[in-house]
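First comes the structure, then the notes that go with it.
Residue numbers (my numbering): 82 to 573.
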């Protein structure tokens, strides 16, 4: 029986990253994948949807100049497939070349892995052949799949999930999206931006993106409606079914009214489920948590030599988080003692219209926890780069501690190039620094990140535009003991 230092089950972003990190330690690694290198991150998830999003915003920009312009689904599909092919080829060739190196540290097997005991795995290959291998450590990175309600029949053609939305051969005239979280809002953004689809968004909460601040959610909702989308706010879904090749759904509202609507297609986006079935977890007694995913303590399961990373933990279902978890797990196996992972200050991007980038705590988080803080908010209309791009919808918002140190607690940027503005502030949060160094740097001009600098200057009372003059564009206030107080009132 062939023996390895580490066997990784799953070659999505997490498993791939974990295997590569183990090679850095000079360890013999076996990577097992039953379907495709790259997993959902390449074929059904991030790369696919974000390529679609990029094309949708380009189409929306063209439509602003040429109102009658129509998107071509064939050319868009071709671009998406090219992106997938490029990434898939890159990753596959890399693995193939790794296996030809003299040290023979890396091996790849295509097949289904089943854990027999804490040191033994059986691989069932596509031709039915069985192969047993042994290992010192295991890393489970089997990912997740879309959650499907029991009362909805998803045929992946008319009613689809984020995995099967690529099956559309044309842009539907109408479409309903069930679920107003990030993924639901992203696809509502994409299809409404193409300009050929009337989009309905079902949201049982009081507002979309309930985990974000109200001002963030409001600007996204407003822009969706400007693109012709309709948000069913505070609506409960009674039923959704296919009738005569279309989708009929019935909504119940809090006032007792019922509404029945028929559309061409439906997208179900109500979260994801960890892939924990049929991999032999029960053979070694691996613990499953209340969310139905694998329990872990800083990536280590209750079986000491078996670790876990990525969506199968459902801690935070993001590619960058999964990769970081996998690399951290491998360091725990073979490297020096390291600090536990923290999920407090993750930088994220929501591919909406406009784009949303965030790091750290939101304003509503601080209020809920009773944390005294200062908030500074700067409208995109005051930023030279945004004006030049004619993309002035959006704002910067930075939240800092209510003391002289003004340690950054969190940041939200809504608008064009939002993701490029977040990392400098993320670093300050990571290193627990204040705002003065970043405020005094010479930022490039004209750039979106100058908005960050101006926010920090406002907190230091040395901004170019004064918040007590441009009250509609600039806001600066303190929250303490349940009261919001404009900072200029404190100065007076």
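Quick reminder that beta carbons are idealized off the backbone N, C-alpha and C, glycines included.
The structure presented is a predicted model; accordingly, all values stated were derived computationally and were not measured.
CA-to-CA distance, residue 456 to residue 572, given in whole angstroms:
At residue 572 the pLDDT is 47, less than 50, meaning the model places this residue with poor confidence and gives no usable figure here.
Going by Cα to Cα distance, which pick from 189, 391, 317 and 497 is closest to residue 436?
497
Using DSSP with H/G/I as helix, E/B as strand and the rest coil, what is residue 203?
strand
Tell me, please, which residues DSSP counts as bridged to residue 478.
458 and 493
Distance, residue 162 Cα to residue 174 Cα
18 Å
Can you have a look at residue 425 and say buried or exposed, based on whether 16 or more other CB atoms are within 10 angstroms of its CB?
exposed
Test item: CB-CB of residue 310 and residue 273 under 8 Å:
yes
Which complete alpha helix (DSSP H) runs does the region 410-435 hold, if anything under 4 residues is left out?
none
Confirm, please, whether the CB-CB distance from residue 319 to residue 298 is below 8 Å.
no
Check for me: the beta strand (DSSP E) holding residue 284 runs from which residue to which?
279-284
Can you pull the DSSP bridge partners for residue 463?
DSSP, once it has assigned bridges, lists no residue as partnering residue 463.
From the DSSP output, read off the bridge partner residues of residue 361.
Bridge partners of residue 361: none, in fact.
What are the uninterrupted segments assigned as alpha helix (DSSP H) that are 4 or more residues long and contained completely in the region 295-365, given in chain order?
295-307 and 362-365
Does DSSP put residue 441 in a helix, in a strand, or in coil?
Of the three classes helix, strand and coil, the one that applies to residue 441 here is strand, per DSSP.
Could you tell me which uninterrupted alpha helix (DSSP H) segments, each at least 4 residues in length, are contained entirely in the region 121-206, listed from first to last along the chain?
127-146 and 154-179
Would you decide whether residue 136 is buried or exposed? Buried here means 16 or more other CB atoms lie within 10 Å of its CB.
buried
Proximity of residue 110 and residue 86 at Cβ, strictly below 8 Å
One thing to note: residue 110 has its Cβ within 8 Å of the Cβ of residue 86.
By DSSP, does residue 92 sit in helix, in strand, or in coil?
In this structure, residue 92 counts as coil in the three-state DSSP scheme.
Could you tell me how far apart the beta carbons of residue 176 and residue 189 are, in whole angstroms, since I believe they sit closer than 8 Å?
5 Å
Below 6 Å CB to CB, which residues in the same chain sit around residue 281 once its five sequence neighbours on both sides are set aside?
The residues are 257 and 311.
Residue 215 (DSSP reduced to helix, strand or coil):
strand
Please determine if the region 95-103 and the region 401-413 are in contact, where contact requires at least 3 C-beta pairs separated by less than 8 Å.
Inter-segment contact for the region 95-103 and the region 401-413 is present: three or more beta-carbon pairs are separated by less than 8 Å.
Residues near residue 481 in its chain [Cβ-Cβ closer than 7 Å; skip 5 each side]
454, 455, 487, 488, 489, 490, 516 and 540
Restricting to Cα atoms, I'd like to know which of 467, 430 and 475 is closest to residue 130.
The option with the nearest alpha carbon to residue 130 is 430.
Sort 502, 484, 449 and 450 by Cα distance to residue 475 and report the nearest one.
502
Who does residue 378 pair with in a DSSP beta bridge?
381
Three or more beta-carbon pairs under 8 Å between the region 196-214 and the region 140-148, yes or no?
no
Return the CA-CA distance between residue 611 and residue 345, expressed in angstroms with no decimal places.
Here the chain covers residues 82 to 573 and nothing more, so residue 611 does not appear.
Using the three-state DSSP reduction, which class does residue 508 fall into: helix, strand or coil?
helix
Please confirm whether residue 371 and residue 214 have their CB atoms less than 8 Å apart.
8 Å or more divides the Cβ of residue 371 from the Cβ of residue 214.
With H, G and I counted as helix, E and B as strand and the rest as coil, what does DSSP make of residue 408?
helix
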